[in-house]
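One structure is given here, and the rest of the page talks about it.
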Amino acid sequence: MKHISKYLLFICLFFTIESFAQSVKTENGLRSSYTGNSDYKIVQVDPGKGKKVKNVILMIADGMGLTHLSAAWVANNGKMNILDNCMHTGLSKTYCANKLITDSGAAGTAMATGHKTNYHCIGVNPEGNVLQSLTDLANNKGLSTGIVVTCGLTDATPATFCTNNIDRDREEEIALDYLSCNVDFIFGGGRNKFNMRSDNRDLMQEMKERGYQVCYSWQETQLAQEGKVFAVLEDGQLPLADERGDLFNRATQKALKNLAVNKKGFFTMFEGSRIDDCGHENDLFKLIPEIWDFDKTVGEVLKWAEKDGKTLVVILADHETGALTLTDGSLQKGEVTVNFANKGHSGIMVPVYSYGPQSNLFSGVMDNTDVFNKIKSILKL
Ligand SMILES: [Zn+2]
63 MKHISKYLLF ICLFFTIESF AQSVKTENGL RSSYTGNSDY KIVQVDPGKG
113 KKVKNVILMI ADGMGLTHLS AAWVANNGKM NILDNCMHTG LSKTYCANKL
163 ITDSGAAGTA MATGHKTNYH CIGVNPEGNV LQSLTDLANN KGLSTGIVVT
213 CGLTDATPAT FCTNNIDRDR EEEIALDYLS CNVDFIFGGG RNKFNMRSDN
263 RDLMQEMKER GYQVCYSWQE TQLAQEGKVF AVLEDGQLPL ADERGDLFNR
313 ATQKALKNLA VNKKGFFTMF EGSRIDDCGH ENDLFKLIPE IWDFDKTVGE
363 VLKWAEKDGK TLVVILADHE TGALTLTDGS LQKGEVTVNF ANKGHSGIMV
413 PVYSYGPQSN LFSGVMDNTD VFNKIKSILK L
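Heads up: the sequence shown is residues 63 to 443, going by this note's numbering.
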């Protein structure tokens, strides 16, 4: 009997072993290994036959190159929603106007406005002139618009869709632009740029005066009715996936529910923002769960789009972070070994995945500015 209980204990321990990662510095950079412990179910969505596009969902995985996704795929024993369900794939060139290696400001501006601009610019051209973004054009056409991110709202990617500035670091100025952006559903972090400001203004309150339902917590966001929503849940960025849980998924589903009320359709951008931070830190142990969280959210978004039948989903990165290569591993064991060659961005093209009506237009090699051009033309903005 004693032996049996020991045996059972051993089995229990075996099945509760957590994921782990280890890293070694080499002359080529940082070599890291990860063994997965994920059991999330992959969705299976039907490609559908419709051609009409009413809604577009643009999903950006900040800093997620092909190697990042491949590593997460190996660690998840060869399954990913993105890889198993997207109907078309392409490649996007990420260089900006004055540098081969872009930042999220210039890359976001290219996708949001269709213009290559200088490093660190937000929604302006290299001369500093204000550019119209997809959310501006969609608003003008009477479509609803949304932004859901896991970073601060004044961080580069969300800022390029909602604001304009020659320097991404001027975050207090960027926060002010949200007052006039007219985006219907706004969700993210970075509250201290709105209500702990050097000018003592409380932009959370000012957004309320402009007709937004202002939310400080998930509980409040959940209860928000139809109409404009401004949800800023943290002073800084939202926490990483292990602490955040499925908040990103819940927020995107709430956005879809609210935006879909508009009979004319909507354009929305959802960003898995913190994949980039984990790349900069060369932290594979944090990076893989961030990608899994993004992929799980993609799965639920694709299910929503499948049910709707008139929704195009485009998924891509703004650039690659960490100059990552995949050097060893095992699909069966969910083990992967990678090498980070730098702590910044790299200049390699990033993959584009698409699902739904007109998704074939996102196959082949494109410039990041084409993301804007194609969506503009598909939604007739
Ligand atoms: Zn970055």
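Beta carbons: idealized from backbone N, C-alpha and C, even for Gly. Treat the numbers as computed from the prediction; the structure is a model and nothing was measured.
Ligand 1 heavy atom lying under 7 Å from the CB of residue i
| i | result |
| --- | --- |
| G298 | no |
| T383 | yes |
| G110 | no |
| G125 | yes |
| S166 | yes |
| H342 | yes |
| H182 | no |
| H130 | no |
| H150 | no |
| D231 | no |
| D338 | yes |
| H407 | yes |
Inter-residue spacing [alpha-carbon to alpha-carbon] between residue i and residue j
| i | j | result |
| --- | --- | --- |
| V398 | D432 | 34 Å |
| K405 | H342 | 5 Å |
| D362 | N262 | Asp is not the amino acid found at residue 362; the sequence shown has Glu there. One C-alpha to the other measures close to 40 Å. |
| N201 | D101 | 40 Å |
| L441 | T330 | 12 Å |
| E305 | K270 | 29 Å |
| M149 | N422 | 8 Å |
| L295 | L302 | 14 Å |
| N180 | D231 | 14 Å |
| H130 | A385 | 10 Å |
| C158 | M173 | 11 Å |
| I236 | A221 | 7 Å |
| G176 | V211 | 21 Å |
| G250 | G214 | 6 Å |
| L446 | C340 | This structure gives no information on residue 446, because the portion of the chain shown stretches from 63 to 443. |
| A367 | L241 | 30 Å |
| K113 | S439 | 14 Å |
| D217 | C243 | 15 Å |
| D246 | L199 | 13 Å |
| L70 | T359 | Low confidence applies to L70: its pLDDT is 49, below 50, so where it sits in the model is not reliable, and the reading given next is rough at best. Approximately 36 Å, taken between the alpha carbons. |
| L443 | N226 | 20 Å |
| L75 | E234 | Only weak support is given to the placement of L75: the predicted model assigns it a pLDDT of 42, under 50, and the question is left unresolved by the model. |
Chain C within 8 Å of residue i, Cβ atoms only
| i | result |
| --- | --- |
| F434 | Of the protein chains in this structure there is only one, and it is not chain C. |
In chain order, which alpha helix (DSSP H) runs of at least 4 residues are fully inside the region 270 to 337? 280 to 285, 303 to 306 and 309 to 321
Any 3 or more C-beta pairs closer than 8 Å across the region 300 to 317 and the region 349 to 359: yes
Those runs of the beta strand (DSSP E) which lie wholly inside the region 346 to 428 and span at least 3 residues: 373 to 378, 386 to 392, 397 to 402 and 412 to 417
Enumerated in chain order, which unbroken segments of the beta strand (DSSP E) with a length of 3 residues or greater are wholly contained in the region 199 to 279? 206 to 214, 247 to 251 and 275 to 277
Counting pairs of beta carbons, one from the region 182 to 202 and one from the region 283 to 292, are three or more of them closer than 8 Å? no
Any chance the region 410 to 419 sits against the region 363 to 377, with 3 or more Cβ pairs inside 8 Å? yes
Tell me the start and end of each unbroken beta strand (DSSP E) in the region 118 to 195 that is at least 3 residues and wholly inside, in chain order. 150 to 155
Validate contact between the region 316 to 331 and the region 93 to 109 using beta carbons, cut 8 Å, 3 pairs: no
When you compare the region 106 to 116 with the region 336 to 350, are there three or more beta-carbon pairs, one atom per stretch, that lie closer than 8 Å? no
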